[in-house]
Each structure stands twice: as structure tokens, then as C-alpha cells.
Ligand SMILES: NC(=O)C1=CN([C@@H]2O[C@H](COP(=O)(O)OP(=O)(O)OC[C@H]3O[C@@H](n4cnc5c(N)ncnc54)[C@H](O)[C@@H]3O)[C@@H](O)[C@H]2O)[C@@H](O)CC1
Ligand SMILES: Nc1ncnc2c1ncn2[C@@H]1O[C@H](COP(=O)(O)OP(=O)(O)O)[C@@H](O)[C@H]1O
Ligand SMILES: [K+]
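Residue numbers (full-length UniProt numbering): 1 to 470.
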């Protein structure tokens with residue numbers, strides 16, 4: 001499991017450790033990890049390579065300066081630009097002692113940033129030590145101008161890309177866009193949640209020995225998914241494995257029924273039932289001969305392509321006291337679900353309608369709005385997107401790290417709904433079902449896309465092979 005801790009949690013854990021260790025120990029651990037990561041990124045060692053450090057006033061700059069000193073001792077040509085009036089003094093001294101060059105704020109003052117950068121091009125890597133967890137979101141104009149002028153050079157962010165909001169993953173004004181982010185002690189929410197996560201590039205975690213409390217935000221890893229996957233016990237029969245019922249699709253959108261059933265029929269539940277118009281059931285049976293008609297189920301999947309039938313389908317499903325997945329057209333009636341074990345699966349546009357916000361507003365703060373909706377609707381919310389967020393009413397959340405932009409294809413969400421329903425029917429609680437289903441869906445999309453562009457049904461087809469690999 002990847003766990004992300006808030007700045008407050010990290011500060012508390014650091015304080016605890018700082019009190020027990022000789023001064024500077026944590027920063028030395030961070031700087032060593034950072035220097036190693038920079039060498040890895042450079043590929044052929046540090047010797048003769050040109051490294052530019054962008055240094056702010058705090059300890060984030062200190063990490064960059066000490067790492068720069070280590071790189072200079074390995075033969076790199078290291079130059080530090082101090083972007084603030086003050087900088088970590090011992091870090092500056094260490095870099096100088098190792099043969100690095102230090103340039104002061106004047107050369108990079110607003111307006112001069114571009115000139116300074118163009119006069120010193122040829123860097124192999126830029127190390128962003130402007131701000132870390134102590135920073136306010138956004139960058140000063142001078143820093144933003146320097147970054148603009150350095151565009152095209154690989155950037156390694158120290159702890160986080162400067163300018164992003166560490167705790168929320170939100171952006172407010174300019175920020176660094178990194179190729180690699182080297183973080184310390186634990187992940188922070190900005191490393192997992194978009195839009196900030198998209199600015200992190202690859203993420204490398206350096207252990208500095210922090211003893212951390214429980215995290216409110218996590219991301220499943222393949223081993224976590226494998227551990228949570230329902231598997232048939234030796235004496236299983238189809239009913240003990242769980243029956244998933246699908247109320248999706250309509251005469252207008254028969255394809256949604258097929259796709260939703262294809263996700264439900266991933267093999268993780270014992271049986272799939274379809275409840276809908278006869279012509280649609282015939283289509284479903286032609287593609288999935290194992291699917292049976294309505295009857296008792298352990299979970300319902302409702303709403304994908306249900307059109308005008310969404311409300312009655314949802315009410316009928318609520319009449320059974322079983323968990324449910326509420327998708328697409330049924331989301332307009334999601335307040336009927338409050339307090340029931342349920343997973344709501346909106347994309348940003350649908351969540352915007354549920355919360356009275358524009359799609360763009362939701363996309364600017366997916367973690368915040370997924371949590372808000374989970375609390376308001378008293379259900380697990382799976383907000384779909386590049387980095388889907390799964391939130392519980394109590395604020396705990398997970399982010400899905402699997403997936404590919406090829407999944408942005410019509411009907412992919414229908415497959416996901418069916419898949420999450422199968423996991424609910426098999427006995428997973430809504431939070432696990434939603435996060436495991438979302439992870440599997442993303443990974444199946446990635447697997448399918450290895451052969452070329454995909455359509456939604458390809459995701460369902462890839463599921464058994466993916467599950468086999470787990
Ligand atoms: N505390 C510790 O023991 C450790 C801290 N470490 C590093 O220390 C960092 C945190 O250091 P600090 O608490 O000194 O804080 P930062 O270095 O993140 O930045 C705070 C400083 O930047 C200024 N600032 C805030 N927002 C700004 C903005 N938008 N633009 C320009 N300047 C801005 C503030 O005036 C403040 O002086 C971590 O991110 C990590 O890199 C690591 O060395 C590991 C150990
Ligand atoms: N850029 C992206 N990168 C990764 N996954 C994406 C991206 N865009 C969409 N997805 C995923 O594709 C699926 C799209 O579902 P949805 O928006 O409901 O489409 P539809 O309604 O057509 O089925 C979701 O699982 C979502 O997480
Ligand atoms: K930084």
C-alpha cells in the first residue's frame with residue numbers, strides 16, 4: 001500500500017525523530033537519497049554533468065544544496081541559484097566547499113530570469129529546491145520566469161514540485177512540472193491526487209525513518225489488490241460466491257447493458273442476472289449465454305444507459321437490502337441511497353451536477369469533491385478520471401494509480417460499474433470493491449492497450465488475463 005500523509009502528520013513525525021537524532025541527520029538522509037536519484041536520472045554518472053539547483057529560503061533548498069555538494073564531490077559541475085534573500089546557510093557553505101558555484105538572487109530577479117537562464121544553458125538537470133512542504137501554493141513571478149526559461153531541461157523536484165498544494169493536490173497559480181519527484185519519509189497527498197500528481201512525474205520515496213500514524217489517503221499496489229481479490233473456497237458453489245444483478249441499458253442504449261454485464265461477468269462473482277426489457281436481455285444472452293434473468297442477488301448495478309428508467313430501476317434495487325453500484329442516469333437519484341452500502345460512480349461532469357458545480361471545478365479538486373460528495377450522499381464515491389478517487393463518508397480515500405488515457409473511450413465506465421458490482425456481490429465492502437474494481441479496470445485497460453487502441457469491450461475481455469497475472 002502507498003500511504004500519503006498530510007504536512008501536519010509529517011511535521012509531527014519529524015519533530016519526534018529530530019528530538020532523538022543528532023542535528024542535521026534527517027536532512028543528510030534526504031540529501032543522500034536525492035543525490036542518488038539525480039545520478040540515476042542522469043544515467044551515466046555525475047562526472048562532468050551540469051546540475052542547476054533552484055534554491056528557496058527553507059529546508060527544501062537545504063536538501064538541494066547538500067545533494068548538490070554530494071554531486072559536486074562526484075565530479076558534477078553544480079551551480080545554485082538562490083531565489084530568495086536567504087538560503088540554508090550550512091547548505092550553501094557545503095556546496096561551496098565541494099566546489100559548487102553559488103549565484104545570488106540579483107541574477108534571477110524578476111525580468112532577469114530569462115537572461116540569466118539563456119546565458120547559462122547547457123544544464124543536464126534542474127533540481128527544484130524552491131519550496132517543499134513549507135511552501136504556499138503558487139510561485140513568485142521571478143521563480144516562474146526562471147522555470148520558463150529553463151523549459152526542456154529535465155527537472156527533479158525535491159519533496160514535491162514547488163507551487164503545488166501538498167495536502168490537497170490542488171494548484172493555485174504557477175508550479176513546477178517535474179520529470180521525477182524525490183520525496184522523503186512518506187508520500188504526501190499531492191503525489192497521488194490530481195491535478196498536482198500529474199506535475200510530479202515519476203515518484204521516488206526515500207526512507208528517512210519516520211514513524212507515521214494512520215494515513216487518510218492511500219493507493220493500492222498490485223499486491224494489495226491480489227490480497228483483497230475474492231477467490232472461491234474449495235467447497236464454493238455459485239450462490240456462496242455471490243450473485244450480481246444488472247439493471248442497466250435500455251431500448252435506446254442496449255450497448256450499456258452489454259458492457260455493464262461484461263464487467264459483471266468477469267468471473268469474480270458466481271452468477272450474473274440481468275433485469276431489463278426482453279429485447280435487451282436477448283442481446284445480453286447472445287453475448288453472455290451464462291447470464292440469467294431476474295431473481296435474488298447479493299448486489300445490484302444500476303443506471304448505465306438506463307435513460308428514463310433509471311429512477312424505477314434504482315427504487316426496485318433499493319427494495320432488496322443489498323449493496324449497490326449507482327452509475328450514470330441513476331446518479332440523479334443518488335440521495336435515495338444515503339446510508340445504504342453503495343458505490344456511486346460519477347465522472348467529473350456527473351459529480352458536478354450532483355454538487356451544483358461546473359465540471360472544471362470538480363477537475364481542479366477531485367480529492368476535495370469526492371470527499372464532499374461521499375459525506376453529503378453518505379456513500380462511497382468513486383470519482384472517475386485520470387486518477388480516480390474513491391472516498392468514504394468519513395474522509396478516508398484511495399487513489400487509483402493504474403490506467404491509461406486510452407480508457408477515455410465511450411462505455412468504459414459501464415464496464416467498471418459491472419466489475420465493482422461483482423466485487424460487492426462477492427463480499428467486498430463498498431470501499432474495497434470500488435478501489436479494487438477501479439484498479440483492475442485501469443490495469444485491464446493498460447493490458448488491452450498494449451495491442452493497440454481499445455474500445456470499452458476490450459477492457460472486459462482483458463480482465464481474466466489480468467486476474468490470472470495477480
Ligand atoms: N524538517 C525536517 O527534518 C526535514 C525536512 N526536509 C525538507 O524540508 C522541507 C520543508 O522545509 P521548510 O519547513 O523549511 O519549508 P520549505 O523549504 O518548504 O519552504 C518554506 C520557506 O519558503 C518560503 N515560501 C513559502 N511559500 C513560498 C512560495 N510560494 N514561493 C517562494 N517562497 C515561499 C517561506 O517563507 C519559508 O521560508 C521539506 O519539504 C523537505 O524538503 C528534509 O530535509 C527531511 C527532513
Ligand atoms: N485520461 C484518462 N486516463 C486514465 N483513465 C481514464 C482517463 N479518462 C477516463 N478514464 C477512465 O475511463 C473510464 C471512463 O468512464 P466514463 O467517464 O464513465 O465513460 P462512459 O460514460 O463513456 O462509460 C473511467 O474508468 C475513467 O477512470
Ligand atoms: K520542491
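Think of the CB as a built atom: it goes at the ideal place given N, C-alpha and C, for glycine as much as any other residue.
For residue i and residue j, I'd like the C-alpha separation in whole angstroms.
i           : j           : result
residue 58  : residue 402 : 34 Å
residue 255 : residue 178 : 41 Å
residue 364 : residue 78  : 36 Å
residue 17  : residue 424 : 42 Å
residue 335 : residue 229 : 30 Å
residue 261 : residue 300 : 11 Å
residue 135 : residue 161 : 10 Å
residue 95  : residue 191 : 28 Å
residue 379 : residue 372 : 11 Å
residue 416 : residue 289 : 20 Å
residue 167 : residue 360 : 20 Å
residue 464 : residue 412 : 16 Å
residue 367 : residue 348 : 11 Å
residue 159 : residue 26  : 13 Å
residue 467 : residue 250 : 30 Å
Here's the rule: buried if 16 or more other CB atoms are within 10 angstroms of the residue's CB, otherwise exposed. What is residue i?
i           : result
residue 275 : buried
residue 86  : exposed
residue 66  : buried
residue 47  : exposed
residue 278 : exposed
residue 237 : exposed
residue 474 : Given a span of 1 to 470 for the chain in the structure shown, any question on residue 474 remains unanswerable.
residue 54  : buried
residue 189 : buried
residue 121 : exposed
residue 354 : buried
residue 457 : buried
residue 239 : exposed
residue 388 : buried
residue 131 : buried
residue 40  : exposed
Does the separation of the CB atoms of residue i and residue j fall below 7 Å?
i           : j           : result
residue 346 : residue 323 : no
residue 182 : residue 19  : no
residue 420 : residue 437 : yes
residue 215 : residue 5   : yes
residue 297 : residue 243 : yes
residue 397 : residue 217 : yes
residue 29  : residue 208 : yes
residue 309 : residue 330 : no
residue 171 : residue 202 : no
residue 439 : residue 404 : no
For residue i, which option in the options has the closest C-alpha, if you only look at C-alpha atoms?
i           : options            : result
residue 257 : 287, 427, 193      : 287
residue 395 : 176, 158, 376, 415 : 376
residue 138 : 165, 418, 157, 123 : 165
residue 64  : 43, 89, 75, 44     : 89
residue 390 : 430, 197, 260      : 430
residue 145 : 156, 158, 176      : 176
residue 99  : 83, 121, 74        : 74
residue 129 : 156, 141, 121      : 156
residue 105 : 310, 72, 140       : 140
residue 265 : 11, 418, 69        : 418
residue 62  : 332, 83, 45        : 83
residue 392 : 339, 439, 386, 443 : 339
residue 223 : 1, 462, 453        : 1
residue 315 : 305, 307, 333      : 333
residue 271 : 439, 426, 344      : 426
residue 103 : 80, 125, 123       : 80
Please confirm whether any heavy atom of ligand 4 lies closer than 6 Å to the CB of residue i.
i          : result
residue 67 : Questions concerning ligand 4 fall outside what the structure shown contains, since the ligands it does hold are ligand 1, ligand 2 and ligand 3.
Does any C-beta atom of chain D lie closer than 7 Å to the C-beta of residue i?
i           : result
residue 100 : Although the question refers to chain D, the structure presented lacks it and comprises just one protein chain.
For this session: Could you name the residues whose beta carbon sits closer than 6 Å to any heavy atom belonging to ligand 3, keeping them in chain order?
Result: Listed by chain position, these are 60, 128, 129, 130, 131, 132, 157, 158, 159, 160, 162.
Exercise. Can you pull every residue whose C-beta falls closer than 6 Å to some heavy atom of ligand 2, listed in chain order?
Worked result: This criterion selects 347, 384, 385, 386, 388, 403, 404, 405, 407, 408, 410, 411, 412, 413, 414, 416, 441.
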